[in-house]
Amino acid sequence: MATSKHPTDRFRSATDFPKTVEHLSLSDASQFYVEMRDCLIFTNRSRSQLIRRNEEHKQTISTLQNDAARLEQFIHQLEQDKQTLTQSQQDNITSLKQELGTMSSHLDQISQAFKDVEDIGSPMGAMAFPGRFNRFWRALKALITWWREENDDFSAGSGTLPPSPTPLNPEDRQENPQMYSDPASVQRSLRDL
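The following block contains the structure:
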């Protein structure tokens with residue numbers, strides 16, 4: 001009789017069982033039948049569990065693949081954000097370098113303007129020679145241009161002059177020409193110096 005070596009052996013080979021039951025007694029055939037049935041039940045249960053676990057693993061793999069794809073998208077988005085931020089920082093650095101260069105040139109212009117103007121009080125000062133006078137006007141123009149560039153918001157906001165606190169009258173124009181910007185008042189103001 002081909003019985004299992006251990007009662008817990010549930011997976012048994014087909015060779016463990018006889019091919020025919022003709023030469024077996026009824027009790028041996030019944031015992032083989034019970035053993036084969038138990039083995040078949042366990043095998044079917046195991047097969048069902050394997051199929052179920054296989055499906056679970058497929059779903060887990062699909063979920064993991066979706067998560068991996070989503071994480072790859074996040075990584076790609078982070079790389080793009082990093083490149084954008086790096087480019088923005090590079091643009092800021094370039095802009096700051098340009099601004100520093102502009103400020104340096106303005107500082108040089110202002111230094112030169114003040115250097116050209118420093119001897120104006122001496123008898124042989126900037127007004128004595130036409131070349132020095134022209135340099136003085138160029139330095140003054142550079143200083144005013146620089147100030148206007150730096151204060152665009154001030155000049156844009158004050159497109160119109162505020163009203164004069166005193167009424168406009170000819171005597172005031174004659175006595176205080178420096179308070180007015182028309183050409184005649186400017187000439188009177190320069191003549192009084």
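Residue numbers for the sequence shown follow the UniProt record's numbering, beginning at 1 and rising by one.
We put the beta carbon where it would ideally sit given N, CA and C, even for glycine.
Source: prediction; values computed, not measured.
- The alpha-carbon separation between I41 and R47 amounts to approximately 10 Å.
- Inclusion of P170 and R188 in the CB contact set at 8 Å is not warranted, their separation being larger than that value.
- Boundaries of the alpha helix (DSSP H) harbouring P170: P170 to E175, taken from the DSSP string.
- Under the three-state reduction of DSSP, N151 is assigned to coil, being neither helix nor strand.
- Comparing alpha carbon positions, the residue from T145, K19 and R45 closest to S105 is T145.
- Per the coordinates, the alpha-carbon of M103 lies some 30 Å from the alpha-carbon of Q83.
- As for any beta strand (DSSP E) of minimum length 3 sitting wholly inside the stretch 19-88, there is none.
- Q89 is positioned such that its CB atom lies no closer than 8 Å to that of A142.
- Within a 10 Å sphere around the beta-carbon of A139 sit 16 or more other beta-carbons, which makes this residue buried.
- In the three-state DSSP reduction, D182 falls in the coil class, being neither helix nor strand.
- A direct Cα-to-Cα measurement between E149 and G101 gives close to 15 Å.
- With respect to R173, S181 sits apart: the two C-beta atoms are not nearer than 8 Å.
- Out of R135, S30 and M179, the CA that lies nearest to the CA of Q112 is found in R135.
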